[in-house]
Amino acid sequence: MTLPKFYAIFDHPDWLERLLPEGIKLVQIRIKDTPADKLRDLLKRSRDLCAAHGAQLIVNDYWQLAIELGCDFIHLGQEDLDTADIPAIRRAGIRLGISTHDHPELGRALSHDPDYIALGPVWPTILKKMKWEQQRLDRVTEWKRLIGDIPLVAIGGLTPERAEQAFAAGADVASAVTDITLNPNPEARVREWLEVAP
0 MTLPKFYAIF DHPDWLERLL PEGIKLVQIR IKDTPADKLR DLLKRSRDLC AAHGAQLIVN
60 DYWQLAIELG CDFIHLGQED LDTADIPAIR RAGIRLGIST HDHPELGRAL SHDPDYIALG
120 PVWPTILKKM KWEQQRLDRV TEWKRLIGDI PLVAIGGLTP ERAEQAFAAG ADVASAVTDI
180 TLNPNPEARV REWLEVAP
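The structure is reproduced here in structure tokens:
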């Protein structure tokens, strides 16, 4: 499968409403610590915003709600794989992206026939505390060699400038979170991203 080269990740549909008009075509909604009733409404709004803008929505973690709401793509971390019902996800026709950080995790991810593999953090990230060291570009190259035609998403500390390095190392897709949301002009930053990752 082919994915857009720029993959934005946001924690609230307000960001989607604000920035999807800039031309983002691949977006993950990653919402944490939210009551179930509110969560459902936020995911539904995200689904509808992406549909209105012709963007692919990827739901982080909440695979049951993704099935219920008719979403067609989810992202699971390694911890999520412990409890997710992969056969149910596949029966629902939902595509699947999986996070990886080391070789055992990559092997586990590949056993689920994922629609993309994410590797990170390629550069240091301020988004969350992680036990994983910086992966660096040589790991990007190694991962692409190991996974072949499966799309490889580079995440962690990326900027438009670093994205070009990640693509050169073998990544198919570059993902950003705080590089956009902490930027004083997120709209302009998205436009910069779309220039290097059209």
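Heads up, the sequence shown is in numbering that gives the first Met the number 0, so the first residue is 0 and it goes up one at a time.
Glycine residues also receive a C-beta, built at the ideal position from the N, C-alpha and C atoms.
Source: prediction; values computed, not measured.
Buried/exposed call for residue i, threshold 16 Cβ in 10 Å
| i | result |
| --- | --- |
| G119 | buried |
| D40 | exposed |
| K31 | exposed |
| L181 | exposed |
| N59 | buried |
| P150 | buried |
| T82 | exposed |
| D101 | exposed |
| G96 | buried |
| A7 | buried |
| A87 | exposed |
| R161 | buried |
| E12 | The question names Glu, but residue 12 in the sequence shown is Pro. Buried, since its Cβ has 16 or more Cβ neighbours within 10 Å. |
Limits of the unbroken beta strand (DSSP E) element including residue i
| i | result |
| --- | --- |
| L56 | 55 to 59 |
| V7 | Looking at the sequence shown, residue 7 is not Val but Ala. Where A7 is concerned, the enclosing beta strand (DSSP E) stretches over 5 to 9. |
Whole-angstrom distance between residue j and residue i, CA atom to CA atom
| i | j | result |
| --- | --- | --- |
| W14 | R44 | 11 angstroms |
| R17 | I57 | 17 angstroms |
| D71 | K37 | 20 angstroms |
| V189 | I23 | 8 angstroms |
| D47 | P185 | 22 angstroms |
| G92 | A167 | 32 angstroms |
| A196 | G156 | 16 angstroms |
| D79 | I66 | 16 angstroms |
| A170 | V139 | 6 angstroms |
| M0 | D114 | 7 angstroms |
| L136 | P123 | 12 angstroms |
| C49 | G106 | 32 angstroms |
| E191 | S174 | 13 angstroms |
| W142 | E104 | 12 angstroms |
Option nearest residue i by Cα separation, candidates the options
| i | options | result |
| --- | --- | --- |
| A187 | P159, L41, H102 | P159 |
| D148 | A165, L109, G69, H11 | L109 |
| G69 | G76, D79, A196, L42 | L42 |
| I85 | D112, T180, I23, P123 | D112 |
| L19 | P123, E67, K143, F5 | F5 |
| T99 | I93, G76, R90 | G76 |
| L2 | I88, E191, E104, Q27 | Q27 |
| E21 | T177, I8, H52 | H52 |
| Y35 | I97, A54, L64 | Note that residue 35 corresponds to Ala in the displayed sequence, not to Tyr. Nearest of I97, A54, L64 to A35, Cα basis: L64. |
| I146 | L25, P183, I116 | I116 |
| R89 | E104, I154, W62 | W62 |
| I73 | A173, E104, L25, T33 | L25 |
| Q133 | I154, Q55, I179 | I154 |
| Q164 | V121, P12, R94 | V121 |
Paired residues, beta bridge with residue i - DSSP
| i | result |
| --- | --- |
| L25 | Q55 |
| F72 | R94 |
| L118 | T99, A153 |
| V172 | V152 |
Limits of the unbroken alpha helix (DSSP H) element including residue i
| i | result |
| --- | --- |
| I149 | No alpha helix (DSSP H) contains I149, which DSSP labels as neither H nor E. |
| L80 | 77 to 80 |
| T177 | 177 to 180 |
| L193 | 185 to 195 |
| D12 | Reading off the sequence, residue 12 comes out as Pro, not Asp. Note, P12: alpha helix (DSSP H), 12 to 18. |
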